[in-house]
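**Student:** Dropping a structure here in structure tokens format, bear with me for questions.
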Amino acid sequence: MVMKRIIENKFGDIMDAYSIIVKPHISEKTMNLIEEKNELAFVVYRESNKKQIKNAFEQLFQESVKNVNTHITSKGIKIAFIKLVNENKAEDVAVRMGVF
Numbered sequence: 000m001v002m003k004r005i006i007e008n009k010f011g012d013i014m015d016a017y018s019i020i021v022k023p024h025i026s027e028k029t030m031n032l033i034e035e036k037n038e039l040a041f042v043v044y045r046e047s048n049k050k051q052i053k054n055a056f057e058q059l060f061q062e063s064v065k066n067v068n069t070h071i072t073s074k075g076i077k078i079a080f081i082k083l084v085n086e087n088k089a090e091d092v093a094v095r096m097g098v099f
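Per numbering that gives the first Met the number 0: the sequence shown = residues 0 to 99.
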């Protein structure tokens with residue numbers, strides 16, 4: 000059975016979780032966030048909101064999210080900082096993604 004990963008955007012259009020979370024954002028700062036604050040950073044679809052990002056992450060990685068902070072860079076790229084509930088889970092997710 001295939002699990003459906005669909006989410007509605009603000010216009011009522013249906014989007015899947017892969018359309019919302021574009022790719023992991025990897026830098027020295029995000030590596031420190033993974034180790035120290037149990038947070039992951041992702042480049043996300045610009046029009047998505049925090050609730051959609053949270054639902055998409057939970058569907059893709061089957062991990063519970065504590066909170067989501069977003070930031071739009073000067074280049075117009077939206078980055079979501081996702082804090083996980085359990086300690087050391089960010090490292091496990093990063094290993095599954097191939098970051099480490």
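Quick reminder that beta carbons are idealized off the backbone N, C-alpha and C, glycines included.
Because the structure is a prediction, the values reported are computed rather than measured.
#1: Taking the beta carbon of asparagine 37 as the centre, do at least 16 other beta carbons fall within 10 Å, making it buried, or is it exposed?
#2: Can you name, in chain order, every residue of its own chain whose Cβ lies under 7 Å from the Cβ of lysine 53, other than the five neighbours on each side?
#3: With H, G and I counted as helix, E and B as strand and the rest as coil, what does DSSP make of glutamate 38?
#4: Buried or exposed for histidine 70, please, with buried defined as at least 16 other CB atoms from any protein chain shown within 10 angstroms of its CB.
#5: Starting from phenylalanine 80, follow its DSSP beta bridges and name the residues at the other end.
**Tutor:** This is what the structure holds:
#1: buried
#2: Val64, Val67
#3: strand
#4: exposed
#5: Ala40, Asn68
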